[in-house]
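K.L.:
Take this structure first; my questions come after.
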Amino acid sequence: MKGLTNGIDILPEDRIAFFKNLVKDISSDKEKVALIYKYLQQNFRYVGIQLGIGGYRPFPARFTDEKKYGDCKGLSFYTYSVLKALGIKSYVALINAEYNEEPVDPSFPCNYFNHMILCVPQKNDSLWLECTSKTSDFNYLGNSTENRYALLITEDGSILVPTPASDPSHNKISFSTLIKLNEDGSGQAISMLYVNGDRRRIMDEMLTSKDDDQKDFIVKSLGFREPDNFKLKKVDDEDIQINLDIEKIPQFTTGAKMFLNPRINGFWIKNLPSSKDRKQDFFFEFVVDRSDTTVYQLPPTFTIDALPRSVNKKCGFASYASDYFYDKEKNQLMSVAKFIIYKNRVPAAGYPEVKTFFDEVLSVESQKMVIKKN
Numbered sequence: 000m001k002g003l004t005n006g007i008d009i010l011p012e013d014r015i016a017f018f019k020n021l022v023k024d025i026s027s028d029k030e031k032v033a034l035i036y037k038y039l040q041q042n043f044r045y046v047g048i049q050l051g052i053g054g055y056r057p058f059p060a061r062f063t064d065e066k067k068y069g070d071c072k073g074l075s076f077y078t079y080s081v082l083k084a085l086g087i088k089s090y091v092a093l094i095n096a097e098y099n100e101e102p103v104d105p106s107f108p109c110n111y112f113n114h115m116i117l118c119v120p121q122k123n124d125s126l127w128l129e130c131t132s133k134t135s136d137f138n139y140l141g142n143s144t145e146n147r148y149a150l151l152i153t154e155d156g157s158i159l160v161p162t163p164a165s166d167p168s169h170n171k172i173s174f175s176t177l178i179k180l181n182e183d184g185s186g187q188a189i190s191m192l193y194v195n196g197d198r199r200r201i202m203d204e205m206l207t208s209k210d211d212d213q214k215d216f217i218v219k220s221l222g223f224r225e226p227d228n229f230k231l232k233k234v235d236d237e238d239i240q241i242n243l244d245i246e247k248i249p250q251f252t253t254g255a256k257m258f259l260n261p262r263i264n265g266f267w268i269k270n271l272p273s274s275k276d277r278k279q280d281f282f283f284e285f286v287v288d289r290s291d292t293t294v295y296q297l298p299p300t301f302t303i304d305a306l307p308r309s310v311n312k313k314c315g316f317a318s319y320a321s322d323y324f325y326d327k328e329k330n331q332l333m334s335v336a337k338f339i340i341y342k343n344r345v346p347a348a349g350y351p352e353v354k355t356f357f358d359e360v361l362s363v364e365s366q367k368m369v370i371k372k373n
């Protein structure tokens, strides 16, 4: 495949001068690569090209530079060409960018790949660039390309290397919700959502989607109860505000009591498969760091009746903690929770422990906070 790109990595002299001037005040290669990656995101866009030789050979760097678009091959190869002009070595890398696919078997040669990214070797580690994304963080691979084999195309042939597995801090989902609860059980909620990694790209797309698609996302993906009215808006580069009007906040009521869920969004709702006779490893879609703080502003005539107990659980692959507080002066009820999946691959032998842990988390999350009318 290296032969397909011979002689097409040359940029015009004025563009080489432009890039050299762009990074002239930067000393480290890593910072230079970061700036070039930012320039790529701001000035180029992805277009799929799969027909004929275009399915295998990228367009020349000059073409991509002029047109300001390309597919995964074109954009990765263009970035490679820019870095080469700056004296920074990099390698395009073939990879299978699909979730839940069979991993590459190094002992069985086969065309496993459907995507191209870029690897930039460094002294202590390598940088990995997803060149088709306009929103991904620098040196971040999403759940479709992390933690798997990539095929580097080098001057001396090809070599399989593992891509890095992400840390939970790269997949954060954090909710902070204030609910004004009315005496009739209706309420208004304002939820601030912070996300990074793949989720941020998805949320950015949602902000420009149709109302019906946004509502569907709020209910099915974020786990909120279906609102009567809602509004999504971006507060800054990292936070999104969700305003919700909900006709019935309590899970149910009996007489003078209301039974409230600790959270009005889905925190962890997945029931894992049975652990009986499991022989294959289990895979979570990705590691994650998820947190939630929910505050209920109770009606003046209500107070607390019963709260769940605090919980702190751990296993070899995840941790979960939840707690509950009541501020009598403000008449506010608060629930907080934090949940981390540290590893996305669970060996079959360790799965029973993980299954038990997540069953317990589901049980805790189903408990109710009870308030009563004075």
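Numbering that gives the first Met the number 0 applies: residue 0 is where the sequence shown begins, and numbers increase by one. Glycine is no exception: its CB is placed at the ideal position from the N, C-alpha and C atoms.
For R289, collect the residues of the same chain with a Cβ closer than 6 Å to its Cβ; drop the 5 residues on either side in sequence, then sort them by chain order.
P.N.:
Locating residue 289 in the sequence shown gives position 290, counting from the first residue. Within the same chain, R289 has close Cβ partners I172 and F338.
K.L.:
Per DSSP, what are the beta-bridge partners of F338 in this structure?
P.N.:
The residue you call residue 338 lines up with position 339 of the sequence shown. Answer by DSSP bridge pairing, in chain order: R289 and Y319.
K.L.:
Between the alpha carbons of F76 and Y323, how many angstroms are there, rounded?
P.N.:
Within the sequence shown, residue 76 is the residue found at index 77, counting from 1. Within the sequence shown, residue 323 is the residue found at index 324, counting from 1. Cα to Cα, the separation comes out at about 53 Å.
K.L.:
So which of Y55, G184 and I268 has the shortest CA-CA distance to N251?
P.N.:
By 1-based counting over the sequence shown, the position of residue 251 is 252. Residue 251 is actually Phe in this sequence, not Asn. When each option's Cα is compared against that of F251, the closest is G184.
K.L.:
Would you report the Cα separation of K83 and Y90, rounded to the nearest angstrom?
P.N.:
As a position in the sequence shown, residue 83 is number 84, starting the count at 1. As a position in the sequence shown, residue 90 is number 91, starting the count at 1. Near 10 Å, if we compare the C-alpha coordinates of Y90 and K83.
K.L.:
Give the single residue among K219, S27 and P272 whose Cα lies nearest to the Cα of K122.
P.N.:
Your numbering for residue 122 matches position 123 in the sequence shown. Closest option to K122, Cα to Cα, is S27.
K.L.:
If you reduce the DSSP assignment to three classes, tell me which class C118 lands in.
P.N.:
As a working mapping, residue 118 is identified with position 119 in the sequence shown. C118 falls in the strand class under three-state DSSP.
K.L.:
Taking a contact to mean a Cβ-Cβ separation below 7 Å, would you say N247 touches K371 in this structure?
P.N.:
By 1-based counting over the sequence shown, the position of residue 247 is 248. By 1-based counting over the sequence shown, the position of residue 371 is 372. In the sequence under discussion, the amino acid at residue 247 is Lys, which differs from the Asn named in the question. In this structure, K371 does not lie closer than 7 Å to K247 by Cβ.
K.L.:
When DSSP labels each residue in this structure, what does A305 get in the three-state scheme?
P.N.:
Start at 1 with the first residue of the sequence shown, and residue 305 comes out as number 306. Three-state result, A305: strand.
K.L.:
Tell me where the beta strand (DSSP E) around G73 begins and ends.
P.N.:
In the sequence shown, the residue the question calls residue 73 occupies position 74. Taken as a continuous stretch (DSSP letters only), G73 belongs to no beta strand (DSSP E), being part of the alpha helix (DSSP H) at C71 to A84.
K.L.:
Who are the near neighbours of C314 in its chain, counting only those whose CB is closer than 7 Å to its CB and skipping five residues on each side?
P.N.:
Looking up residue 314 in the sequence shown gives position 315. Closer than 7 Å at Cβ, skipping near neighbours: E352, V353 and F356.
K.L.:
Can you tell which of F43, T292 and P307 has the C-alpha that lies nearest to the C-alpha of K367?
P.N.:
Position 368 of the sequence shown, counted from the start, is the residue given in the question as residue 367. Among F43, T292 and P307, the Cα nearest to that of K367 belongs to P307.
K.L.:
With C-beta atoms as the reference, is L222 less than 7 Å away from G186?
P.N.:
Within the sequence shown, the letter at position 223 stands for residue 222. Within the sequence shown, the letter at position 187 stands for residue 186. The question names Leu, but residue 222 in the sequence shown is Gly. Not in contact: G222 and G186 (Cβ atoms no closer than 7 Å).
K.L.:
Comparing alpha-carbon positions, which option in K342, I241, G196 and R56 lies nearest A317?
P.N.:
Residue mapping note: residue 317 aligns to position 318 of the sequence shown, counting from 1. It is K342 whose Cα lies nearest to the Cα of A317.
K.L.:
Could you tell me if R129 is buried or exposed, where buried requires 16 or more neighbouring beta carbons within 10 angstroms of its beta carbon?
P.N.:
Indexing the sequence shown from 1 puts residue 129 at position 130. It should be noted that the sequence gives Glu, not Arg, for residue 129. The residue in question, E129, is buried, as its Cβ has 16 or more Cβ neighbours within 10 Å.
K.L.:
Do you know whose CA, among E237, G254, S190 and D235, lies nearest N373's CA?
P.N.:
Your numbering for residue 373 matches position 374 in the sequence shown. Here the closest residue by C-alpha is G254.
K.L.:
With DSSP collapsed to three states, give me the class of P161.
P.N.:
On the sequence shown, residue 161 is found 162 positions in, with the first residue counted as 1. Strand at P161.
K.L.:
Under a Cβ-count criterion, where at least 16 other Cβ atoms within 10 Å of its own Cβ denotes burial, should Y393 be classed as buried or exposed?
P.N.:
Any answer about residue 393 is impossible in this case: the structure gives the chain only from 0 up to 373.
K.L.:
Report the residue from K209, N242 and D238 whose alpha carbon sits nearest the alpha carbon of R224.
P.N.:
Taking the first residue of the sequence shown as position 1, residue 224 is located at position 225. Checking every option, the nearest Cα to that of R224 belongs to N242.
K.L.:
Compare the Cα-Cα distances from P361 to each of S157, I303 and P261 and report the closest residue.
P.N.:
Stepping through the sequence shown from its first residue, residue 361 is reached at position 362. Rather than Pro, the amino acid found at residue 361 in this sequence is Leu. Cα-wise, what sits closest to L361 is P261.
K.L.:
Since L159 and V103 are thought to touch, with beta carbons under 8 Å apart, how far apart are those beta carbons, to the nearest angstrom?
P.N.:
Residue mapping note: residue 159 aligns to position 160 of the sequence shown, counting from 1. Residue mapping note: residue 103 aligns to position 104 of the sequence shown, counting from 1. Indeed, because the Cβ distance is near 7 Å, the residues count as touching under 8 Å.
K.L.:
For T131, is the classification buried or exposed, using 16 other Cβ atoms within 10 angstroms of its Cβ as the cut-off for buried?
P.N.:
Taking the sequence shown and counting its residues from 1, one reaches residue 131 at position 132. The residue in question, T131, is buried, as its Cβ has 16 or more Cβ neighbours within 10 Å.
K.L.:
Pop quiz: Q347 and K269 are said to be a contact at Cβ under 8 Å. What is the actual Cβ separation, rounded to whole angstroms?
P.N.:
Start at 1 with the first residue of the sequence shown, and residue 347 comes out as number 348. Start at 1 with the first residue of the sequence shown, and residue 269 comes out as number 270. In the sequence under discussion, the amino acid at residue 347 is Ala, which differs from the Gln named in the question. The Cβ separation is near 19 Å, so there is no contact.
K.L.:
If we call anything under 7 Å between Cβ atoms a contact, is L93 one with F107?
P.N.:
By 1-based counting over the sequence shown, the position of residue 93 is 94. By 1-based counting over the sequence shown, the position of residue 107 is 108. Contact: no.
K.L.:
What are the boundary residues of the alpha helix (DSSP H) that K29 is part of?
P.N.:
Indexing the sequence shown from 1 puts residue 29 at position 30. Taken as a continuous stretch (DSSP letters only), the alpha helix (DSSP H) holding K29 covers D28 to N42.
K.L.:
Report all residues from its chain with a CB closer than 6 Å to the CB of S334; omit the five preceding and five following residues, and keep chain order.
P.N.:
Here residue 334 is taken as the residue at index 335 of the sequence shown, counted from 1. Same-chain partners within the cutoff: P261, T293 and Y323.
K.L.:
Answer with buried or exposed for P105, where buried requires no fewer than 16 other C-beta atoms within 10 angstroms of its C-beta.
P.N.:
Taking the sequence shown and counting its residues from 1, one reaches residue 105 at position 106. With fewer than 16 other Cβ atoms within 10 Å, it is exposed.
K.L.:
Output needed for G196: all residues of its chain with C-beta closer than 6 Å, excluding positions within five of it in sequence on either side, in chain order.
P.N.:
For the purposes of this step, residue 196 is taken as the residue at position 197 of the sequence shown. Contacts found: H169 and N170.
K.L.:
Smallest Cα separation from V310: which of D304, A320 and F301?
P.N.:
Looking up residue 310 in the sequence shown gives position 311. Closest option to V310, Cα to Cα, is A320.
K.L.:
Which runs of the beta strand (DSSP E) at least 3 residues long sit entirely within the segment 186 to 259? Give them in chain order.
P.N.:
Correct list: 186 to 194, 228 to 233, 238 to 245, 251 to 253 and 256 to 259.
K.L.:
Measuring only the C-alpha atoms, how far is T300 from Q40?
P.N.:
Taking the sequence shown and counting its residues from 1, one reaches residue 300 at position 301. Taking the sequence shown and counting its residues from 1, one reaches residue 40 at position 41. Distance between the alpha carbons of T300 and Q40 is about 54 Å.
K.L.:
Classify V32: buried if its beta carbon has 16 or more other beta carbons within 10 angstroms, exposed otherwise.
P.N.:
The residue labelled residue 32 in the question sits at position 33 within the sequence shown. Buried.
K.L.:
Work out the CA separation of I48 and N110 for me, nearest whole Å.
P.N.:
Counted from its first residue, the sequence shown places residue 110 at position 111. Counted from its first residue, the sequence shown places residue 48 at position 49. C-alpha separation (whole angstroms): 18 Å.
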